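Okay, so here's the structure we're looking at.
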Amino acid sequence: MSAEDTLLYLDGVSVSFDGFRALNNLSLVMMPGEMRAIIGPNGAGKTTMMDVITGKTRPDHGTILFEGATDLTRLREASIANLGIGRKFQRPTVFEPHTVWDNLELALKAPRRPLKTLTYAIGRDDKARIEEILEITRLSPKRDRLAGSLSHGEKQWLEIGMLLAQEPKLLLVDEPVAGMTDAETEQTAELLCGIAGKHSVIVVEHDMSFVRALGVKVTVLAEGSVLAEGSLDAVSANSQVIDTYLGR
Amino acid sequence: MLTRFFLMGLDRKAGVVLTILALLAVLVPVMTLLVPADSPFHMSVFTVSLLGKYLCFALLALALDLVWGYVGILSLGHAAFFALGGYAMGMYLMRQIGPRGVYGNPVLPDFMVFLNWTELPWYWLGFDQFWFAALMVLAVPGALAFAFGWFAFRSRVTGVYLSIITQALTFALLLAFFRNDMGFGGNNGLTDFKEILGADIQAPGTRVGLFVATVVALALSYMIASGIIASKLGKVLVAVRDTEGRVRFLGYDTESYKLFAWTLSACMAGVAGALYVPQVGIINPSEFAPASSIEAVIWVAVGGRGTLAGAILGAVLVNFGKSYFTGALPELWLFALGGLFVAVTLFLPKGLLGLGAQLAAKLPGNRAGNKSVPGGKTADQKGM
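Chains Z and X, in that order, give the protein sequences.
Oh and the first sequence: position 230 is 230 in this note's numbering, straight run, nothing missing.
For this note's numbering, add 248 to where a residue sits in the second sequence, where the first one is 1.
Structure follows, in structure tokens:
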């Protein structure tokens, strides 16, 4: 496959930390509009993969192309984010001293230079967009609450809302349902599936019932490289996957 | 647009601060110049200059609070920018002495004649013009802060390491300015000023004028700072303070945000120093001493970090205490200052301005009070 039609193209990416190979010749391709679930045991390199895509970690070897042309390994975090790659962290990270509304306003797609933000005045379109996201994430009644006072699940949702506000082409979502109740997990799956049509999404998750609810192509990582790829049923039947991850 | 910017920062707290400053700007001149000297309401010129000095320190504290309270940059070298602004003003005042110096040289300041220098060093050129000196008051601290911040922030030096190099910066400047061949008067600094903008610097009218100028500078800086805090840029700054990593992944180039606040803060500190020098009549290298910068940090901590108004309050109160102590019990002052810092850190983490909110939170049935203090809980959290 040529890299040109892809949204994200990782080829032979390796990262070592003090001799430990966190990523080992990892290759992965995402098409525009695709949603992908990444599973794998602890230490398989899931979070490191997100780190190299978003510029937090520089790979030792390998190619990472965005939209077939932009080399992500040369860019800083902020530039990569502005290309249209959004990221949600494992631990929900919202701006606690700000209100829910302000959190979304900060994330909203808008010029990012200091002097532009100094003179920024919220317009009707931006307001409507924030209202819409508050609706989607069911945070409308809490718009004026400080983000620090939200529950764990609400913070996760606010962070997903912030991702939406960024209007990224690709969303990287790290363990979105960790610590959520079953009902919240179900709602989150719905929420992500609703997003998937317009954006490409990579979800890293341990919760198998959640991955099943998503119903998308699954990539299994182990020891820094791809072990298997396909539907959840297909990879669950793969004997190597059973040995290294699922257990017999 | 500019009006909107200033209006944005005008909350109730700003109203109180600006009203007090406006009252000072009216009452002090009246009490000094119009009220007869035998009236109990008369204010001496000495007191005016003392108040002016406190307000210069308040402006330095305000500048420090902007970067420490809102961006999380604990500068232990802010007095360096203050002193550089002071030296720029001092150079102008030296050039105004003209042939009235002890050696009567029309161009060279006394200390240069004393060192057998025959011509003015190039970096003293232009300082006979007030507008040029005023520009340098902003440009020199601003340029130094910009260069320093550019390298420090790009290299992602943060937290205590950044604090240590700001301390090293001011110490390096202290040593440099002590040298006679730097051309800034060495150990003695610049003093013996005669006039400013053609007015006798000792005259009561000039003293009152300098005081009013300080009040105006403080009020303007307060409005600029609170306008910034209320803007989206201010929200980004607070977000950078608490979780810088997250802000980067939203696509904000956090280094340029820090650089903006840092440079602006240095310019404010420079203005504070420039207003300080004519009121105290001297600038010497001791202003660069690391202790001066640390004292400024204590003012902000006492008043309440991240409140702007608290910085002003803290600077005035602590310096009032200092004036009293160094008169009454000089050997105890440093102990009192140290004790104050320890007490504030232990019992008043949000300073005097946070005291009200802290008490409200303690009342039974008012647990929500905790949450109504913006920036309280997360202020100490380390970024990612």
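Quick reminder that beta carbons are idealized off the backbone N, C-alpha and C, glycines included.
Remember, it's a predicted structure, so these values are computed and weren't measured experimentally.
In this chain, the beta strand (DSSP E) harbouring H61(Z) covers H61 to F66.
Proximity of Q166(Z) to chain X, defined by a Cβ-Cβ separation below 8 Å, is satisfied.
Of D243(Z), S239(Z) and T219(Z), the smallest CA-CA separation from L26(Z) is found for T219(Z).
Remark: C-beta atoms of A514(X) and L392(X) approach each other more closely than 8 Å. Along the segment 95-125 of chain Z, going in chain order, the ones with a CB nearer than 9 Å to a CB of chain X are F95, E96, P97, H98, D102, N103, E105, L106, A107, K109, A110, R112, R113, P114, L115, K116, T117, L118, T119, Y120, A121 and I122. I160(Z) and L485(X) have their C-alpha atoms spaced approximately 22 Å apart. Here I472(X) is not bridged, per DSSP, to any residue.
Contact between T511(X) and G390(X) holds, since their C-beta atoms are separated by about 5 Å, short of 8 Å. Nearest to R427(X) by C-alpha distance, out of E492(X), R496(X), D448(X) and N532(X), is N532(X).
With fewer than 16 other CB atoms across the displayed protein chains lying within 10 angstroms of its CB, P32(Z) is exposed. In the three-state reduction of the DSSP assignment, D448(X) falls in the strand class.
E154(Z) has a beta carbon lying at 8 Å or more from every beta carbon in chain X.
Take A544(X), set aside five residues on each side of it, and the residues of its chain with a beta-carbon closer than 7 Å to its own are L308, A309, L312, H326 and A327, in chain order. Ranking M471(X), V264(X), Y371(X) and G397(X) by CA distance to the CA of M430(X) puts Y371(X) first. In this structure, M162(Z) is the residue among M162(Z), A3(Z), H98(Z) and G62(Z) with its C-alpha nearest to the C-alpha of E131(Z). F289(X) is a Cβ neighbour of M279(X), given a cutoff of 8 Å.
Residue contact with chain Z for L386(X): absent (no Cβ-Cβ distance below 8 Å to any residue of chain Z). At a C-beta separation below 8 Å, A487(X) has these neighbours in chain Z: F95, H98 and L106. The Cβ atoms of V100(Z) and P59(Z) do not sit closer than 8 Å to each other. For R138(Z), the nearest beta carbon of chain X is not closer than 8 Å to its own beta carbon. Closest in alpha carbon position to A262(X), among Y318(X), R343(X), G575(X) and A467(X), is A467(X). For V173(Z), the CB contacts under 6 Å within the same chain, skipping 5 residues up- and downstream, are K88 and V203 in chain order. Nearest in C-alpha terms to D376(X), of all of F394(X), R343(X), L298(X) and N364(X), is R343(X). For the segment 319-387 of chain X, the continuous alpha helix (DSSP H) assignments of 4+ residues that do not extend past its boundaries occur at 326-345 and 358-362, in sequence order. Of all residues in the segment 47-60 of chain Z, the ones placed with a Cβ closer than 9 Å to any Cβ belonging to chain X are T54, G55 and K56, in chain order. Put simply, of V52(Z), N238(Z) and R113(Z) the residue whose alpha carbon is nearest the alpha carbon of F508(X) is R113(Z). Of all residues in the segment 386-410 of chain X, none comes within less than 7 Å of chain Z when Cβ atoms are compared.
Distances from the alpha-carbon of G558(X) to those of G317(X), S292(X) and L271(X) put G317(X) closest.
Judged by DSSP secondary structure, G86(Z) falls within the beta strand (DSSP E) whose first and last residues are I85 to K88. Residue pairing by DSSP puts I530(X) in a beta bridge opposite T439(X). By the neighbour-count criterion, in which 16 or more other beta carbons inside 10 Å mark a residue as buried, L556(X) falls on the buried side. Residues of chain X with a Cβ closer than 7 Å to the Cβ of E77(Z) are, in chain order, R496 and F497. Around N25(Z), no beta-carbon contact reaches into chain X at under 9 Å, the shortest distance being about 26 Å.
Bounds of any alpha helix (DSSP H) do not take in K598(X), whose DSSP letter is neither H nor E.
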